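S.K.: Here the sequence shown stands for residues 13 to 164, numbered as in this note's numbering. We put the beta carbon where it would ideally sit given N, CA and C, even for glycine. These figures come from a predicted structure and were not determined experimentally. Have a look at this one.
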Amino acid sequence: MRMMGKIAAMASILIGSVATPSVGAAPATVVRNIGVGDPQRRAVLDALRPEIARDLGQPVQFVVRVLRVQGDWAFAHVVPQTTAGDAIDLTRTRHAERLRAWMLDGPDVYALLQRTGSAWRVRDFVVGPTDVAYLAWPDAHGAPPALFEGAD
Numbered sequence: 013m014r015m016m017g018k019i020a021a022m023a024s025i026l027i028g029s030v031a032t033p034s035v036g037a038a039p040a041t042v043v044r045n046i047g048v049g050d051p052q053r054r055a056v057l058d059a060l061r062p063e064i065a066r067d068l069g070q071p072v073q074f075v076v077r078v079l080r081v082q083g084d085w086a087f088a089h090v091v092p093q094t095t096a097g098d099a100i101d102l103t104r105t106r107h108a109e110r111l112r113a114w115m116l117d118g119p120d121v122y123a124l125l126q127r128t129g130s131a132w133r134v135r136d137f138v139v140g141p142t143d144v145a146y147l148a149w150p151d152a153h154g155a156p157p158a159l160f161e162g163a164d
């Protein structure tokens, strides 16, 4: 019985130390959706646009599905379209072969951006993934995993 009491006491201490933040610890940064009118929205999309335009070989604008920020990290799920608002013809892009081979799941773009100073830069992106490509980004880039929760 005495041993069980010691084990319970040790478990209580361990659980308490894990569950209770230490004094002076910085609060966790909250994941926040970037809505229309938020100044960060334009900055993030302006950083992403040239990368995607270069990848697709044409100027683009975005329909935003998800745009969120956590600290100095941003995650975007966007659908590029022409500047006239038309769908991108993927058969006329470098992704045409992937499309023919059923290795492209539409025009959706998933992107990870990081803020350095006041500028956002694209760390990684994928066009039309057939799987959840961003699952590896926390390990690959050090991005916070909470940024991607519920992103699909």
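Going by DSSP, which residues form a beta bridge with HIS89?
M.R.: Numbered from 1 along the sequence shown, position 77 holds the residue referred to as residue 89. BP columns for HIS89 point to VAL78, TYR122.
S.K.: Run through DSSP, which three-state label would ASP56 get?
M.R.: As a position in the sequence shown, residue 56 is number 44, starting the count at 1. Residue 56 is actually Val in this sequence, not Asp. VAL56: helix per DSSP, three-state reduction.
S.K.: Tell me where the alpha helix (DSSP H) around TRP149 begins and ends.
M.R.: The sequence position of residue 149 within the sequence shown is 137, counting from 1. Where TRP149 is concerned, the enclosing alpha helix (DSSP H) stretches over 149–153.
S.K.: Leaving out five residues on either side along the sequence, give the residues of the same chain with a beta carbon under 8 Å from the beta carbon of HIS153.
M.R.: As a first step, residue 153 must be located in the sequence shown, where it is residue number 141. LEU124, GLN126, ARG135, ASP136.
S.K.: Just verifying my parser: in three-state terms, what is the DSSP assignment at ARG106?
M.R.: Translated into the one-based positions of the sequence shown, residue 106 becomes position 94. Looking at ARG106 - three-state DSSP - the assignment turns out to be coil, as it is neither helix nor strand.
S.K.: In angstroms with no decimal places, state the Cα-to-Cα distance between TRP149 and ILE100.
M.R.: For this step, residue 149 is matched to residue 137 along the sequence shown. For this step, residue 100 is matched to residue 88 along the sequence shown. About 26 Å.
S.K.: How would you call MET16, buried or exposed, if buried means at least 16 neighbouring beta carbons within 10 angstroms?
M.R.: Translated into positions along the sequence shown, residue 16 becomes position 4. A caution first: MET16 carries a pLDDT of 41, below 50, which makes its placement in the model unreliable, though a value can still be read off. So MET16 ends up on the exposed side.
S.K.: What is the C-beta distance between VAL176 and ASP84, in whole angstroms, given that I count them as a contact (C-beta under 8 Å)?
M.R.: Coverage of the chain is limited to positions 13 through 164, which leaves residue 176 absent and any answer about it impossible.
S.K.: Is VAL90 buried or exposed, if buried means 16 or more other CB atoms sit within 10 Å of its CB?
M.R.: Residue numbering aside, residue 90 sits at position 78 when the sequence shown is read from its first letter. With 16 or more Cβ atoms within 10 Å of its Cβ, VAL90 is classed as buried.
S.K.: For ALA38 and GLN82, what's the separation of their Cα atoms in angstroms?
M.R.: The sequence position of residue 38 within the sequence shown is 26, counting from 1. The sequence position of residue 82 within the sequence shown is 70, counting from 1. Because the pLDDT at ALA38 is just 41, under 50, the model does not fix this residue reliably, and the point stays unresolved.
S.K.: Where does ALA158 sit, in a helix, a strand or coil, going by DSSP?
M.R.: As a first step, residue 158 is located in the sequence shown; it is residue number 146 there, counting from the start. ALA158 falls in the helix class under three-state DSSP.
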